[in-house]
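Engineer: Mind looking over this structure? Questions follow.
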Amino acid sequence: MLDLDIFKSGFDPHHRNRRVLNVIKDIQTNPIIGPENKKHLLAFANRMIEKVKKGRYRIGSLEKNLSEARNITLFIKTDLAKATDQEFLAWFTFHEKRYNKKEIKFASLEKYVFAARCLLQSVEGLKEKETPERLKTIEVPKEPDKEPEDNQTTQQHIKKLLETVYVEGKRYTIRDRAILALLNDTGARISEALSIQNKHVRQEKNHLVVRLPISKTKPRTVISFLAKPHLEAWAKVSPNNDKGPEAYFFCDKNGNATTYAAVNKTFKQAIKKSGIPWKPHKGVHYFRSLCASRFFRWPYGLKNTWFGWTFKNEEGAYSNIPVSEFAEQYFDTLKRENNPMLREDEPFWSDGEKEHRTVRGDDEMKPVFVELSKIYEAPTGQDHKAIGETTKLKYEVGCNIPMPTPQKKGRQDTVVRISYKTKQKIEESKIHPRETIDQCLWRIIENNKKNQ
1121 MLDLDIFKSG
1131 FDPHHRNRRV
1141 LNVIKDIQTN
1151 PIIGPENKKH
1161 LLAFANRMIE
1171 KVKKGRYRIG
1181 SLEKNLSEAR
1191 NITLFIKTDL
1201 AKATDQEFLA
1211 WFTFHEKRYN
1221 KKEIKFASLE
1231 KYVFAARCLL
1241 QSVEGLKEKE
1251 TPERLKTIEV
1261 PKEPDKEPED
1271 NQTTQQHIKK
1281 LLETVYVEGK
1291 RYTIRDRAIL
1301 ALLNDTGARI
1311 SEALSIQNKH
1321 VRQEKNHLVV
1331 RLPISKTKPR
1341 TVISFLAKPH
1351 LEAWAKVSPN
1361 NDKGPEAYFF
1371 CDKNGNATTY
1381 AAVNKTFKQA
1391 IKKSGIPWKP
1401 HKGVHYFRSL
1411 CASRFFRWPY
1421 GLKNTWFGWT
1431 FKNEEGAYSN
1441 IPVSEFAEQY
1451 FDTLKRENNP
1461 MLREDEPFWS
1471 DGEKEHRTVR
1481 GDDEMKPVFV
1491 ELSKIYEAPT
1501 GQDHKAIGET
1511 TKLKYEVGCN
1521 IPMPTPQKKG
1531 RQDTVVRISY
1541 KTKQKIEESK
1551 IHPRETIDQC
1561 LWRIIENNKK
1571 NQ
């Protein structure tokens, strides 16, 4: 009996759950597949489902392997337990000829052989690393060298593409433009972008902080400056703009999550209409590759965390890098490449803006200065030392506080020195929505004074 509960997920932008269920239904009802092979295929499906439950396989991998396993039985037809190595060789030769005619890619040929190996491992009761005897006569050709790319897609090309996507009078082209802009700016996977809910997007200074809640590796948070105007334009006309924090940010007219097919249709039309260079046989996932190429100078830990890649060591895998650490590398990249999508009205790289934007760095020995402002009354006779003690936090915050004019109310620009350890202790839960770090610090200062 197959456990199909894992296919009841509400978020399925690629319709993979539905496709798996359709393959299983076809296996059960297809008259060409013999009864013995139906048992083999359903046992193989059950084996793959158990691996998905344990997190060792994704549903996308299950769907591809199960589909090809079904196709193998349609080609061979005889009982898989009794099929000869020559029958499997004939099956492989058929696909090899397709590859030689350039009807399929080398990666597809490899996936077909992998699916056959997994299927026979299930039929023969072998372990994952064991190669079935009947497949040892199959020799997969060597992967050809990749040809250099003549026309690399640039950010100027992407700007033209985004301009092409939008069609005046068609509301959902605003949505699709925002999605593609976000993919270009962050390198997120399309499924990650489509999983975003209203609560996962917030403004921080001059950029947006975007949470990617569903990922095939690890949920994470990124920042976006280039896509900000496009996301804001969509938020104003979205059917879900007043549906609460749990509603999908990118949605259709019924408020459901946007599907991959809808975005891909718009993308293909825009690629054809704009005429920009795009790598052959590559869809929207190519944005991720382009973004990784642009961010190649980033430190290893930051880049892996940003893209949700697997770390080579446990220390990196369990590290928790705050989103503020990305800001310097991200904005320096935009400045270095002189990105054509930058807005001249926001010169984010000015020195004052960069210092005010974020608390950054990992070195405990190097203090960070955060600009703070506060309206308060300085009592008569209060001196520099007294002010320092009054505003001192239990987190070792204080010192270097200039003395205001005695007996005078007014706005006092202040600089408070804090350590990185201090900054880490200001948990995100203490920061109110739309509250900056400096506002949070002053609120904590006031609360500490009241509790003394």
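If you read the sequence shown in our numbering, its first letter stands for residue 1121, the second for the next number, and so on.
Heads up, the beta-carbon is just placed ideally off N, CA and C, and yes, glycines get one too.
#1: Quick one: what's got a C-beta closer than 8 Å to S1413's C-beta in the same chain, skipping five residues either side?
#2: Taking 9 Å as the cut-off, decide whether the C-beta atoms of P1397 and T1273 are in contact.
#3: From E1223 to E1263, what does the alpha carbon distance come to, in whole angstroms?
#4: What are the residues that DSSP puts in a beta bridge with I1343?
#5: Measure the Cβ-Cβ separation of L1303 and V1143 and say whether it is below 9 Å.
#6: Pick from I1310, N1374 and A1355: whose alpha carbon is nearest that of F1102?
#7: Does the beta-carbon distance from T1378 to P1133 come in below 9 Å?
#8: Ends of the alpha helix (DSSP H) at R1408?
#9: To the nearest angstrom, how far is the alpha carbon of I1316 from that of K1336?
#10: Assign G1428 to one of two classes, buried (16 or more other C-beta atoms within 10 Å of its C-beta) or exposed (fewer than that).
#11: Between the beta-carbon of I1126 and the beta-carbon of K1173, is there less than 9 Å?
#12: Name the two residues that bound the continuous alpha helix (DSSP H) containing A1188.
#13: Contact check, L1332 vs A1308 under 8 Å by CB: the rounded distance?
#14: So, are the CB atoms of K1171 and L1182 less than 9 Å apart?
#15: Express the C-alpha separation of Q1276 and R1237 in angstroms, rounding to a whole number.
#16: Could you spell out the range, first to last residue, of the beta strand (DSSP E) harbouring L1324?
#17: With DSSP as the reference, label Q1275 as helix, strand or coil.
#18: Apart from the five residues just before and just after L1122, which ones in its own chain have a Cβ nearer than 8 Å to its Cβ?
#19: If you draw a straight line from the alpha carbon of N1326 to that of A1313, how long is it in whole angstroms?
#20: Quickly, what does DSSP pair A1377 with across the bridge? List them, please.
#21: Between K1279 and the ligand GTP, is there a pair consisting of the residue's CB and a ligand heavy atom that are separated by less than 8 Å?
#22: Tell me the residue span of the alpha helix (DSSP H) that contains I1299.
#23: Residue range of the alpha helix (DSSP H) that F1577 falls in?
#24: Under 8 Å: do the segment 1234-1250 and the segment 1144-1155 share three or more Cβ pairs, one atom per stretch?
Structural biologist: A quick look at the data gives this:
#1: none
#2: yes
#3: 15 Å
#4: V1329
#5: no
#6: Here the chain has residues from 1121 to 1572 only, and residue 1102 is not among them.
#7: yes
#8: Y1406 to R1414
#9: 14 Å
#10: buried
#11: yes
#12: Note that residue 1188 is Glu in the sequence shown, not Ala. First-last of the alpha helix (DSSP H) with E1188: I1179 to I1196.
#13: 6 Å
#14: yes
#15: 45 Å
#16: The amino acid occupying residue 1324 in the given sequence is Glu; Leu does not appear at that position. E1324 -> beta strand (DSSP E) spans V1321 to E1324.
#17: helix
#18: I1144, L1162, A1165, N1166 and I1169
#19: 21 Å
#20: C1371
#21: The ligand GTP is not part of the structure shown, which contains no ligands of any sort.
#22: R1291 to T1306
#23: Because the chain here runs from 1121 to 1572, residue 1577 falls outside it and cannot be looked at.
#24: no
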